Amino acid sequence: MIQGKDIIKSYEDLQVLKGVDIDITKGEIVSIIGKSGAGKSTLLHIVGTLDHSDAGTIVINGVDTTRLNKKNLAKFRNET
């Protein structure tokens with residue numbers, strides 16, 4: 000299960016994600032659509048733990064990835 004709550008991400012003065020919530024259950028197929036520059040790739044990078052948000056939480060299989068340090072995040076990625 001993947002849960003994201005109030006995800007915020009900005010690049011300098013441009014706020015790309017503005018309080019995004021996402022809830023994906025195991026086996027669910029999800030499509031993310033939007034205009035160019037809407038933040039689709041940014042959201043996927045954050046949910047995939049390849050980037051971090053400025054605020055909000057990402058919980059994957061019960062683990063709050065926003066609270067993991069770099070070493071534990073790398074370990075989590077390898078195990079998930």
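In terms of numbering that gives the first Met the number 0, the sequence shown opens at residue 0 and continues consecutively.
Ideal placement from N, C-alpha and C gives every residue a C-beta, glycine not left out.
Predicted model only: the values in this text are computed from it and were never measured.
Residue from the options with nearest C-alpha to residue i
i, options, result
"G61", "Y10, S52 and T79", "T79"
"G26", "R66, M0, K34 and K74", "M0"
"Y10", "S52, G3 and S30", "S52"
Reduced DSSP category for residue i - H, G, I as helix; E, B as strand; rest coil
i, result
"L16", "strand"
"T24", "coil"
Test: residue i CB closer than 9 Å to a CB of chain B
i, result
"N68", "Here there is only one protein chain, and chain B is not present."
Residue j beta carbon less than 9 Å from that of residue i
i, j, result
"V58", "G38", "no"
"A54", "D22", "no"
"T56", "L16", "no"
Contact set for residue i: own chain, Cβ-Cβ below 8 Å, skip 5 residues either direction
i, result
"L72", "T48 and T64"
DSSP bridge partner residues for residue i (one or two, in chain order)
i, result
"S9", "Q14"
"A37", "According to DSSP, A37 bridges with nothing at all."
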